Structures are given as structure tokens and as C-alpha cells.
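Notes follow the structure.
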Amino acid sequence: MVPARALLHPAAKPLVFVLSLLPFAWLFYAAFTDNLGANPAESLIRSTGDWTLRFLCITLAVTPLRVLANLPTLQRFRRMLGLFTFFYAVLHLLGYAVFDQGLDVAEIAKDIAKRPFILVGFSALVLLVPLAATSFNRAVKAMGVKRWQALHKAVYVIAPLAILHFFWMRAGKNDFAEVALYAAILGVLLGWRVWHKRRGAAPGRTATASR
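Right, dumping it as C-alpha cells:
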């Protein structure tokens with residue numbers, strides 16, 4: 001068990017920040033040294049998508065772990081982890097826009113409209129934007145706790161959209177084991193929130209615990 005005092009150490013947040021950047025650093029290094037395999041563009045796009053899902057799972061796991069392990073100090077890392085989810089989602093979109101579409105905005109718009117799996121993924125990213133934009137204390141105060149909490153319930157839509165996007169990306173390769181794993185993890189994490197709320201206790205004691 002991680003001691004609560006270790007989570008409050010001044011170096012804890014910088015350490016989580018550095019660890020969260022490691023996947024990006026590795027991808028940057030692999031691209032620079034030509035170690036991304038036979039199709040570097042596909043590898044970058046797929047890897048950033050994978051890391052988006054992983055960080056979404058990690059972020060959503062913070063509140064259940066905080067409650068079940070009685071470690072309220074875990075909450076101080078969730079905002080950063082949520083922003084890294086958005087960071088990798090943006091990298092995923094940029095990889096597609098640059099390597100698949102050559103940053104041709106008109107072609108990107110046409111592709112989004114005609115390909116359902118891209119439309120679904122893009123919709124999930126659009127829904128992430130207001131969550132990332134309001135992930136700071138001033139936004140909570142400006143919006144009010146109830147409206148802030150209502151906005152951040154968009155994660156109940158974002159997670160299924162992300163899984164559906166991932167499923168369609170894997171459909172051509174008949175590679176569904178990983179999709180099922182992420183779907184199960186996100187299902188448990190979101191299901192825990194619904195179950196916990198129905199028990200009459202909110203997942204967190206403050207607005208920042210409600211995502």
C-alpha cells in the first residue's frame with residue numbers, strides 16, 4: 001500500500017508528470033531513430049490511440065481507488081491524468097491529420113463525415129475539450145459545483161465512443177481481445193460510479209472528485 005504521506009510529497013506530482021510523458025518520449029525517440037516498424041505513421045497513430053485509452057482508464061480508476069483504499073490524497077493526481085488523456089487524444093488526431101491526410105482540412109472534414117469510426121473518435125475528442133478546459137479550480141467556482149459535475153458526466157458518453165472507435169479500428173484485423181479488455185475495464189469503472197451513487201454516496205466529497 002502506498003503511504004498517504006508519500007502521495008503528498010512535493011516530488012510526487014512531478015514524478016507522475018514525468019511518468020505520464022514517458023510514452024510520448026519513447027514515441028518521439030522511436031520516430032527520430034526510425035524504430036517504429038515498417039509503417040511508422042500507422043504505428044504512431046495506433047500507439048497514441050492506445051495511450052489515450054490507457055490514460056482514460058487510469059484517470060477513471062483514481063476515484064474508486066481513492067474510496068476503496070481510503071487514500072483521499074490520490075485525488076490530487078486525477079486532474080493531471082485527465083489532461084494527459086486529452087494530450088494523447090490530440091496527438092492521436094494530429095497523427096491522423098498529418099500522416100493520413102497531409103493536414104488538408106477539406107479532406108479531413110470529408111473523411112470524418114464519410115467514415116463512421118473517425119466520426120465517432122472525433123466526437124469523443126470534441127467532448128473531451130470542455131472537460132480539459134474546465135479542469136481547474138477557477139472553472140469550478142465560475143460554473144458552480146452542480147453544473148461542473150453535470151458537464152463532467154460527459155465521460156459516460158466519451159468512454160463508449162472511445163471503445164466503439166477502437167472496435168472499428170480493429171475490425172479489419174479481427175483483433176478484438178484488446179478491445180474487450182478496455183471495454184471491460186471502462187465498464188467496471190463507470191459501473192462502480194453508478195453503483196456507488198445509487199448507494200447514496202457520491203464518488204467524491206468535492207467537485208474535483210466527480211469526474
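Quick note: the sequence shown, position 154, residue 154 per full-length UniProt numbering, numbers continuous. Beta carbons are placed, not taken as given, at the ideal position from N, Cα and C, and that holds for glycine. Just so you know, these numbers come straight off a predicted model, no measurement behind them.
Of the other Cβ atoms in all chains shown, fewer than 16 fall within 10 Å of the Cβ of A184; this residue is therefore exposed.
CA-CA distance, T63 to Q75, rounds to 7 Å. By the beta-carbon neighbour count (other beta carbons within 10 angstroms, threshold 16), W148 is buried. DSSP, reduced to helix, strand and coil, places K153 outside both helices and strands of the structure shown, so it counts as coil. Note that the region 32-45 does not touch the region 81-90; fewer than 3 beta-carbon pairs, one per stretch, sit closer than 8 Å. For R46, the closest alpha carbon among the candidates R66, P116, L27 is that of L27. Buried is the label assigned to R66, since at least 16 other Cβ atoms lie within 10 Å of its Cβ. The continuous alpha helix (DSSP H) containing N137 extends over residues 137-143. Between I158 and L127, the CB-CB gap stays under 7 Å.
The beta-carbon separation of F166 and Y182, rounded to 6 Å, stays under the 8 Å limit for a contact. The DSSP-derived three-state label of H165 is helix.
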